[in-house]
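Working notes for the structure below.
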Amino acid sequence: MPGEIQQGIGRAASVLEALGASTSGPLRASDIARATGLGASTTARLLGTLEELGYVSKLAAGPAYTIGPAILALSSAGLNQNAVHREARSAAQELAHRTGLSVNVAVRDGASSVYLCHFEGSLAPKSHTMVGLHQPLHASALGKCLLSGLGDDERRELLGDEPYPRYTKNTLTTFEALTADLARVAERGTALEDQELALGRLCVAAPIRDATGSVVAAISISGRLTVMNDHDLDALSEELVEVADRISVGLGMISAIPVR
1 MPGEIQQGIG
11 RAASVLEALG
21 ASTSGPLRAS
31 DIARATGLGA
41 STTARLLGTL
51 EELGYVSKLA
61 AGPAYTIGPA
71 ILALSSAGLN
81 QNAVHREARS
91 AAQELAHRTG
101 LSVNVAVRDG
111 ASSVYLCHFE
121 GSLAPKSHTM
131 VGLHQPLHAS
141 ALGKCLLSGL
151 GDDERRELLG
161 DEPYPRYTKN
171 TLTTFEALTA
181 DLARVAERGT
191 ALEDQELALG
201 RLCVAAPIRD
211 ATGSVVAAIS
221 ISGRLTVMND
231 HDLDALSEEL
241 VEVADRISVG
251 LGMISAIPVR
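Okay, here's the thing in structure tokens:
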């Protein structure tokens with residue numbers, strides 16, 4: 001029986017993941033079955049149970065499903081229980097308003113970063129939220145900040161075999177190149193992402209630390225290259241470091257951290 005329960009939970013999770021990964025909006029049961037590899041009857045049974053629990057919603061206009069209100073409620077509760085989110089939310093929102101740019105806060109989730117906060121300034125509007133989105137550590141400024149708190153052996157194990165996935169011609173795909181860049185992060189106190197994850201995009205990030213001095217999160221300012229070039233990057237970096245430091249103090253950091 002425990003094995004059957006575990007299998008059922010795994011199948012339900014795969015249905016929710018398929019719905020969450022959809023880029024075309026609501027999915028029909030047949031679409032979900034194809035995406036998960038489950039049988040039609042199994043998929044229908046799972047959807048019925050998940051709908052009853054509020055984890056999925058069936059559209060009244062047609063036989064298609066979306067993520068349900070129970071998932072939204074759990075996501076909200078999870079964010080509110082996260083200490084980094086609580087400390088960073090207001091500061092990140094104010095920074096986005098002052099600069100007019102996008103401001104994101106992320107933590108590490110295995111070999112990627114996941115956004116906890118996402119705010120848009122007047123110069124960087126988006127039609128979607130970035131909260132919950134995962135990004136590769138080696139190709140993003142937020143990820144570099146999160147990697148800066150780890151030792152070489154930890155980074156090697158975390159990132160896996162070289163070359164690392166390439167997203168643009170600027171992506172750092174070797175451990176040697178990434179390590180050299182992380183040395184500059186330690187020296188500057190900020191990480192730069194210059195069209196490494198997406199062409200036409202520039203991002204600067206700063207690490208956030210907890211009471212022990214460990215890097216537990218990062219905060220970034222980003223925007224289109226043409227928009228960012230209209231700003232003083234040094235001034236933006238200084239402001240970003242100040243905000244990151246304020247959040248770190250809120251998390252309990254009270255002493256200076258020596259550079260590795």
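According to full-length UniProt numbering, the sequence shown holds residues 1 to 260 in order.
Even glycine gets a Cβ: it sits at the ideal position worked out from N, Cα and C.
Specify, as a first and last residue, the run of the alpha helix (DSSP H) that residue i falls within.
| i | result |
| --- | --- |
| E187 | 175 to 188 |
| D152 | 152 to 159 |
| K169 | Where K169 is concerned, there is no enclosing alpha helix (DSSP H), given that its DSSP letter is neither H nor E. |
| A198 | Careful: A198 lies outside any alpha helix (DSSP H) and carries neither H nor E. |
| S30 | 29 to 36 |
| S148 | 141 to 148 |
| S248 | 233 to 250 |
Per DSSP, which one or two residues make a beta bridge with residue i?
| i | result |
| --- | --- |
| H134 | V114 |
| S102 | S222 |
| I208 | A217 |
| D109 | S112 |
| Y65 | L27, K58 |
| C203 | E193, S222 |
Assuming residue i and residue j make a contact with CB atoms under 8 Å, what is their CB distance in whole Å?
| i | j | result |
| --- | --- | --- |
| L192 | L225 | Incorrect: roughly 12 Å between the Cβ atoms, too far for contact. |
| Q135 | S102 | Q135 to S102, Cβ: 13 Å. No contact. |
| I254 | V84 | Not a contact, Cβ separation roughly 17 Å. |
| A217 | V107 | 5 Å |
| L142 | N104 | 7 Å |
For residue i, report the span of its beta strand (DSSP E) as first-last.
| i | result |
| --- | --- |
| P194 | Just to set this straight, residue 194 is Asp in the shown sequence, not Pro. Element bounds for D194: 191 to 194. |
| K58 | 56 to 58 |
Contact the stretch 80 to 90 vs the stretch 53 to 67: 3+ CB pairs below 8 Å: With contact defined as three or more Cβ pairs closer than 8 Å, the stretch 80 to 90 and the stretch 53 to 67 are not in contact.
Across the stretch 136 to 151 and the stretch 119 to 128, are there enough close Cβ pairs to call them in contact, namely three or more that are closer than 8 Å? Touching, no, given that fewer than three Cβ pairs across the two stretches are closer than 8 Å.
Under 8 Å, with one C-beta from each stretch per pair, do the stretch 210 to 225 and the stretch 238 to 253 reach the 3-pair mark? Three or more pairs of CB atoms, one per stretch, sit closer than 8 Å, so the stretch 210 to 225 contacts the stretch 238 to 253.
Residue ranges of each alpha helix (DSSP H) within the stretch 68 to 104, 4 or longer: Annotation note: the stretch 68 to 104 contains the following uninterrupted alpha helix (DSSP H) runs of length 4 or greater, listed N- to C-terminal: 69 to 80, 83 to 99.
Evaluate contact between the stretch 9 to 27 and the stretch 36 to 54, counting only Cβ atoms and requiring at least three cross-stretch pairs below 8 Å. They touch, by the three-pair rule.
Taking 8 Å as the threshold, find out whether the stretch 172 to 181 comes into contact with the stretch 130 to 144 through three or more Cβ pairs. Three or more Cβ pairs closer than 8 Å define a contact, and the stretch 172 to 181 meets that threshold against the stretch 130 to 144.
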